[in-house]
């Protein structure tokens with residue numbers, strides 16, 4: 001076990017091919033598998049608007065936190081939905097003392113994990129998920145957490161990856177109760193439409209919490225030029241924007257934390273994960289360092 005509390009084993013040895021999205025198969029032998037020892041981990045149902053319920057994966061330490069509560073981290077899925085990698089990230093966060101929860105933000109449109117290719121996934125599911133729907137469902141997740149006395153929503157952060165990285169910026173401008181955000185390679189600029197009316201760069205005057213942006217210099221979908229454009233905008237934004245930071249990893253591309261894919265850069269992923277934890281700690285959402 002390394003200093004993040006993560007066990008690394010060969011994927012073939014672990015024998016866990018299930019749980020990953022079809023569009024990401026085959027899965028790399030470098031895949032990280034984090035156990036659920038000392039955690040309360042599993043699926044829960046979150047009430048949402050219209051009387052429906054939304055599935056979410058929750059991982060929370062069994063040990064008692066400060067006052068019986070644990071700081072909260074909302075985890076926003078990649079484009080591939082709520083599959084095993086996202087659940088594993090929740091367990092990693094729980095190992096650091098957080099109450100981590102990842103809602104299935106595509107649940108109204110379909111099961112992204114069962115779609116075999118990316119073009120179909122984008123056309124049939126992702127493009128139909130509106131920003132307003134996502135904001136409301138994240139609000140519902142927070143409301144659900146407030147019914148669990150183990151969750152300290154006064155100390156709450158958000159992190160997200162790929163598709164979820166963009167959502168981190170949006171939700172940081174939406175929820176005034178957030179303390180910090182960490183956006184992993186989320187789009188910053190681009191085309192808009194009725195369901196996706198604003199980009200993160202349009203919201204620099206509305207951020208409620210400082211965001212740490214983690215990007216790869218070799219990301220062909222999110223060029224460094226757009227990151228620098230965002231950096232300039234943040235410097236002219238409000239206080240939360242001005243205290244946000246963008247960090248670019250020269251040797252990494254998109255998805256450098258996705259250990260189940262060829263894009264994984266283990267060195268940069270470890271550094272960035274530590275930087276995220278330190279960022280949360282700095283902004284009032286403390287973690288438990290591992291020996």
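In the UniProt record's numbering, the protein residues as written are 1 to 291. Every residue, glycine too, gets a C-beta built ideally from N, C-alpha and C.
One thing to note: residue 159 has its Cβ within 8 Å of the Cβ of residue 181. Within the segment 129 to 197, the runs of alpha helix (DSSP H) at least 4 residues long that lie entirely inside it are, in chain order, 131 to 145 and 163 to 174. Look at the beta carbons and you see the segment 220 to 236 not touching the segment 255 to 264: under three pairs across the two are nearer than 8 Å.
Assignment of residue 220 by DSSP, reduced to helix, strand and coil, places it in the coil class. With fewer than 16 other Cβ atoms from the protein chains shown falling within 10 Å of its own Cβ, residue 124 counts as exposed. Remark: three or more beta-carbon pairs, one from each stretch, lie closer than 8 Å, so the segment 94 to 108 and the segment 66 to 83 are flagged as touching. Out of 240, 208, 48 and 262, the CA that lies nearest to the CA of residue 142 is found in 48. Setting aside the 5 residues that flank it on each side, residue 136 is surrounded in the same chain by 48 and 49, each with a C-beta closer than 8 Å to its C-beta; the list follows chain order. Contiguous beta strand (DSSP E) elements confined to the segment 23 to 72 occur at 39 to 47 and 53 to 61, taking only those with 3 or more residues.
Rounded to whole angstroms, the gap between the alpha carbons of residue 103 and residue 250 is 32 Å. Within the same chain, Cβ atoms closer than 6 Å to the Cβ of residue 259 are found at 30, 31 and 32, the five residues on either side in sequence being excluded. Secondary structure in the segment 231 to 279: the alpha helix (DSSP H) runs of 4 residues or longer, each lying completely within the stretch, are 239 to 242 in chain order.
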